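Enquirer: In our numbering, the protein residues as written are 133 to 309. Ideal Cβ positions, reconstructed from N, Cα and C, are used throughout, including at glycine. Keep in mind the model is a prediction, meaning the values are calculated, not measured. The structure that follows is given in the form of structure tokens.
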């Protein structure tokens, strides 16, 4: 599909995202309209303790009105690289700074209506280093072994897509060693 010139209308602009109504022309010439959420992108960190446990965070998520168990994550700030965001967010959410950070790729969250791309990182060689987080965040840190985290996915204790993706990517990498 190709964008139609002048076919974009901003419906909402907020602190983090923007909602547009956008018109496209399909390959066979049909005009379609889509509502698209534009997001600056995010990072998700699979942080391992010196014992090999995975750091997770429990926090309330307003859109689903639940406390979710998730890998630490955060939104890219303007002009900030994904790696820099990952280091900052890890310090804010679990009070640790990684001395080794490796990209594990990334993924689109919901490409049917949103352009948010999450960069996934493996963070190791952690040292205590706390940065103040967002004032509205109430975070509880949880550590799990990889088998326990996979079980938490199986029994629907972990239901967050970025966390499921990150843990299963790491589990696959460990199985292929």
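Going straight from the alpha carbon of residue 232 to that of residue 214, what length do you get?
Expert: Their backbone Cα atoms lie some 14 Å apart in a straight line.
Enquirer: Pick out whichever of 271, 244, 237 and 155 has its Cα sitting closest to the Cα of residue 305.
Expert: Cα-wise, what sits closest to residue 305 is 237.
Enquirer: In the DSSP assignment, the alpha helix (DSSP H) including residue 182 goes from what residue to what residue?
Expert: No alpha helix (DSSP H) contains residue 182, which DSSP labels as neither H nor E.
Enquirer: Measuring only the C-alpha atoms, how far is residue 386 from residue 279?
Expert: The structure shown does not extend to residue 386, since the chain is modelled only from 133 through 309, so no value can be given for it.
Enquirer: Just verifying my parser: in three-state terms, what is the DSSP assignment at residue 293?
Expert: Helix at residue 293.
Enquirer: How many Å lie between residue 207 and residue 216 at the Cα?
Expert: Straight-line Cα distance between these residues: approximately 11 Å.
Enquirer: Rounded to whole angstroms, what is the Cα-Cα separation between residue 152 and residue 249?
Expert: Whole-angstrom Cα-Cα distance: 17 Å.
Enquirer: To the nearest angstrom, how far is the alpha carbon of residue 242 from that of residue 296?
Expert: Computed Cα separation, rounded: 14 Å.
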